[in-house]
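Number of protein chains: 4
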Amino acid sequence: MVCTVKIYEKPKLEKPVLIEGLPGIGFVANIAALHLIRELNAKIFAEIHSSAFQDLAVTTEKGDVRPPFNELYYYKGKGEERDLIILYGITQALTSYGQYELCGKILDLAEELGCRYIITMGGIRKEGKVEMPKLYFAAANIESAGDALSLGAEIFGGNIFGLAGLLVALGKLRGFGGFSLLAETPGYYPDAKAARAVLEAVCRYLKLKIDLARLDITVEATRKILEDYGILRREDKEKREEPGESWLI
Amino acid sequence: MVCTVKIYEKPKLEKPVLIEGLPGIGFVANIAALHLIRELNAKIFAEIHSSAFQDLAVTTEKGDVRPPFNELYYYKGKGEERDLIILYGITQALTSYGQYELCGKILDLAEELGCRYIITMGGIRKEGKVEMPKLYFAAANIESAGDALSLGAEIFGGNIFGLAGLLVALGKLRGFGGFSLLAETPGYYPDAKAARAVLEAVCRYLKLKIDLARLDITVEATRKILEDYGILRREDKEKREEPGESWLI
Amino acid sequence: MVCTVKIYEKPKLEKPVLIEGLPGIGFVANIAALHLIRELNAKIFAEIHSSAFQDLAVTTEKGDVRPPFNELYYYKGKGEERDLIILYGITQALTSYGQYELCGKILDLAEELGCRYIITMGGIRKEGKVEMPKLYFAAANIESAGDALSLGAEIFGGNIFGLAGLLVALGKLRGFGGFSLLAETPGYYPDAKAARAVLEAVCRYLKLKIDLARLDITVEATRKILEDYGILRREDKEKREEPGESWLI
Amino acid sequence: MVCTVKIYEKPKLEKPVLIEGLPGIGFVANIAALHLIRELNAKIFAEIHSSAFQDLAVTTEKGDVRPPFNELYYYKGKGEERDLIILYGITQALTSYGQYELCGKILDLAEELGCRYIITMGGIRKEGKVEMPKLYFAAANIESAGDALSLGAEIFGGNIFGLAGLLVALGKLRGFGGFSLLAETPGYYPDAKAARAVLEAVCRYLKLKIDLARLDITVEATRKILEDYGILRREDKEKREEPGESWLI
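Chains as they are written, first to last, in numbering that gives the first Met the number 0: chain A, 0 to 248; chain B, 0 to 248; chain C, 0 to 248; chain D, 0 to 248.
This is how it looks when you write it as structure tokens:
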């Protein structure tokens, strides 16, 4: 198996932007992506499984069973809205090798669908209470940096862990533009405030009008999914194999 | 090597049900599968070895030596009994990658033999003494959920670790039906009570009449095999590499 | 790279016996193999490197550098002596996958050279002082068990870690005969007494007349090599990734 | 991906010497290589990425993003100066397998460019203050040992961790000459004194006249890069998976 992509449909899209939404620090991207999918009624077109995900089955409230997954959704923009590919999932890969492979598979498929621009989201851990989370970015090139600057984000100087960093960095090697947008967060729980800050900026860039009033419902849904999957309950017990900070929390 | 399947015989079976019986929480499946093999006089037809099993040799009372193994047995049902493929072994794979690969090999062979239905068994850890272990399930689809409900099991909401979860979940992606049936157990030893509860329900589904009186002998045999292999003695010292609960205990 | 075998010469041998001599509990096999090589003036014919060995260079007293290695030597027996292939090295592989692969490569080559019989050596940890180390064995089949019994060894009931167990167990799957011969040892240092007990018995089986008077010199040489390589100095700090006892010590 | 080499240019070089400069004990090689690149105005011609590097993106002061990397530079010597290939990077691979593979890729490319000689640099940890770091070496063959001796280095008896050891040792198997040159260092920070000692000797061998006055600036730059990448801040928290000392610190 290693990393397999099951494609249900190959959507015809106009220069779609890839939005990454996997669990990470403050679960910022995870919340934002789920909210986009729900509000835009985005359609699933592919499912990804990897033998670098955990060796277990996830269950749902109805007693259904499935392996740990990543999913790809698409949205065809109306009017000036951008077409989107949204990456959502309940896990990242557990090994560095698995992360690079997962990244490669997603970039392959995105490229095939005409995507040349990637936005990843995430959190920057900040001690204490965060009233108004500031936004930071790192970008694939000067144009993309300009895009991020125009959204009010400042330059970030540090490492960006997991697929939030790797997708933009490996995408860049293949000629993708894009940026990673990060909000300050205490990081230890699904952070609605940070997710709202990032999502609001991303929607401005994508010219999407999304109702953020229901974001709290999405935060609750994210918390529930992650608890079911055991990520939230395990947060302080976990240690990843590789050095460096984990994409978890 | 990685994961190799040595096939001694390709039995002709009528829609066989795959019964998983590897070591896991409370050793429920391990006991149940061994008891089925003994009582039904099921015949071994394949042996599986993997470089993701431990790098050691197991020895028997007679001084024989063999690598860690999984085995596949078959049973041709009489009358209304279902044909069976029984997966038995003394270990699961040590890495997530190894678990997915092992799972894939077993599903390949099961599919080739006409199997379209999988039953895995396991334990749900419960603090304190368990007088009458309740049964829970998670299923591959609605029909299979109906099967499990008819056996008196309730919906399980949580993760199912190891091959007990993965076989049903990855099987589902290939169109297999089936369910995972879990009994409450303290989990720290081969649990006869939990094994009896699960096995009794599984036999009802398979229309098998098995003598459960001798189950205690099988529990003792399982304990002996696992102690020889070092799993039981090591139970509290072990930590697996991947996050999440281990399939061990 | 993974696991590469560099062959200098393909010796013509008559039904050679493969003698395993890698570091393990009490360094019994390591000492015994080195002593055989020295006393028989056995000739190196192949060198094995693996990316599952440590990522470092070993140095010698003369300032030479080489990667961690396994080596294969041969000896053409005189008179009734058996032809030998001797496996010597300063390490085993660090991962279970690496161990299985290493084992497979050695069995491939041994088979090609006409070998059908494997003897591995090792220690069984015993608390306290061991005056007269008893010998234990586990064997690939009944004939081989008979061979070991005739040397005064008793049946061993337990796991045999690392290549000492794996070579006999995986060899058995390919039709090799042979046994693993184990001596009691405290295990925490290169144990001359245990090595002598095992080597004396093995030489009896192979009809080899070896001078054991110089064994202490070989023990000292082994200690020196292992200290240079860092195995002895690191013994109590190390923990291997896989569950179960390590082949180290 | 695993380990990919992106080649920008294939320089025509005259028997170039490969100089290794990855992070390691005391960051001796890392500082020395960066200083060579800066002072010689060496030109980048290839970039290496590996899925055995960390799964994260590195950012620069300008908000640029890139994956963890190794880079290859070349310098065409003037007059009696030797042509050089300089290996620089911010990380080594995280697994033993990744290290061997990285090493193989670099040797492939070096060989293709006519290189037959490798110099690696590093530190030997020494307790307490090191006033005048002594130099030690280990070499691929007698001629190379002579080269190192002529620079005033003494024979080193111990293991050389990471690519500093592996490049010379695996290179030797392919017929490369060369040596590893090591300076005493407390090891816990980028050590200007040790780097200066090693670099001065290496430049003598290569007949390069390098301004060492600005070395402190390079040390500061190295410290900054490593802090950005998180290596220096994490130094005491890290533990690598493989036994033995890590190449880190």
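From the three backbone atoms N, C-alpha and C, an ideal C-beta is built for every residue, glycine too.
DSSP-derived helix/strand/coil call for residue i
i: A:S143; result: helix
i: B:V27; result: helix
i: D:T217; result: helix
i: C:A32; result: helix
i: C:A152; result: coil
i: D:G88; result: strand
i: D:Y188; result: coil
i: D:D54; result: coil
i: B:Y204; result: helix
i: A:E79; result: coil
i: D:L17; result: strand
i: B:V1; result: coil
i: D:G164; result: helix
i: C:Y228; result: helix
i: C:Y73; result: strand
i: D:G170; result: helix
i: C:K42; result: strand
i: D:A193; result: helix
i: B:G113; result: coil
i: C:L211; result: coil
i: B:Y135; result: strand
i: D:E100; result: helix
i: B:E183; result: strand
Proximity winner among the options, relative to residue i (alpha-carbon distances)
i: A:A337; options: A:Y116, A:V218 and A:S95; result: The structure shown has nothing for residue 337 of chain A, since chain A only spans 0 to 248.
i: D:L207; options: D:P22, D:C2 and D:L35; result: D:L35
i: D:Y74; options: D:V64, D:K9, D:G177 and D:A168; result: D:K9
i: C:F178; options: C:I141, C:G186 and C:Y228; result: C:I141
i: C:Y204; options: C:D215, C:S143 and C:S95; result: C:S143
i: D:G186; options: D:A138, D:P132 and D:E110; result: D:P132
i: B:I47; options: B:I154, B:A191, B:E219 and B:I105; result: B:I105
i: A:K128; options: A:Y188, A:A139, A:A137 and A:T94; result: A:Y188
i: D:K61; options: A:A194, A:A109, A:I209 and A:A139; result: A:A139
i: A:D215; options: A:V201, A:A193, A:C202 and A:I6; result: A:A193
i: A:Y99; options: D:R195, D:D210, D:F155 and D:C2; result: D:C2
i: B:Y41; options: B:G76, B:E153, B:E183 and B:K171; result: Per the sequence shown, the amino acid found at residue 41 of chain B is Ala instead of Tyr. Considering only alpha carbons, the answer is B:G76.
i: D:G157; options: C:T184, C:I85, C:T217 and C:V57; result: C:V57
i: A:Y228; options: A:T59, A:L172 and A:I24; result: A:T59
i: A:K11; options: A:R37, A:G113, A:G25 and A:G23; result: A:G113
i: B:E126; options: B:T184, B:R37 and B:P67; result: B:T184
8 Å contact criterion, which residue i and residue j should meet: CB distance rounded
i: B:G265; j: B:E70; result: Chain B is shown from 0 up to 248; residue 265 of chain B falls before or after that span and cannot be answered.
i: B:L181; j: B:A31; result: Wrong, their Cβ atoms sit about 12 Å apart, outside the cutoff.
i: D:G161; j: D:L134; result: Not quite, the Cβ-Cβ distance comes to about 19 Å (not below 8 Å), so this is no contact.
i: B:A51; j: B:L93; result: 5 Å
i: D:L108; j: D:A45; result: 7 Å
i: D:G23; j: D:D190; result: So it is not a contact: roughly 11 Å between Cβ atoms.
Any non-hydrogen atom of the ligand HEM within 7 Å of residue i CB
i: A:D227; result: Among the ligands in the structure shown, none appear at all, so the ligand HEM cannot be discussed.
**Request:** Report the residues of the segment 129-155 of chain C with a CB closer than 7 Å to any CB of chain B, ordered along the chain.
**Result:** Against chain B - using a Cβ distance shorter than 7 Å - the residues of the segment 129-155 of chain C are F136, A137, A138, A139, A144, I154 and F155.
**Request:** Taking a Cβ distance cut-off of 9 Å, strictly less, list which residues of the segment 56-87 of chain C are near chain D, in chain order.
**Result:** Answer in chain order: A56, V57, T58, T59, E60, K61, G62, D63, V64, R65, P66 and P67.
**Prompt:** Which residues, taken in chain order from the segment 16-30 of chain B, show a beta carbon closer than 8 Å to some beta carbon of chain C?
**Reply:** Hits within the stretch: zero.
**Message:** Along the segment 94-109 of chain D, where does the CB come closer than 7 Å to a CB of chain C? Name the residues.
**Reply:** Taking 7 Å as the Cβ-Cβ cut-off against chain C, the residues of the segment 94-109 of chain D that qualify are S95, Y96, Q98, Y99, E100 and G103.
**Request:** Decide yes or no for the touch test of the segment 209-225 of chain C against the segment 151-170 of chain C: beta carbon pairs closer than 8 Å, at least 3 of them.
**Result:** The way I'd put it, the segment 209-225 of chain C doesn't touch the segment 151-170 of chain C; fewer than three beta-carbon pairs between them come closer than 8 Å.
**Prompt:** Would you say the segment 102-120 of chain B touches the segment 7-22 of chain B, given that touching needs at least three Cβ pairs under 8 Å?
**Reply:** Three or more beta-carbon pairs drawn from the segment 102-120 of chain B and the segment 7-22 of chain B are found closer than 8 Å, and the two stretches are therefore classed as touching.
**Asked** At a Cβ cut of 9 Å, what residues of the segment 27-54 of chain C count as close to chain D, listed as they run along the chain?
**Response** Cβ contacts with chain D come from E46, H48, S49, S50, A51, F52, Q53 and D54.
**Request:** Taking only beta carbons into account, state which residues of the segment 162-174 of chain C come closer than 9 Å to chain B, listed in chain order.
**Result:** Within the segment 162-174 of chain C, the qualifying residues are L162, A163, G164, L165, L166, V167, A168, L169, K171 and L172.
**Asked** Quick one, which residues of the segment 218-231 of chain B are near chain C if we go by CB-CB under 7 Å, in chain order?
**Response** Listed in chain order, the positions of the segment 218-231 of chain B with a beta carbon within less than 7 Å of a beta carbon of chain C are D227, Y228 and G229.
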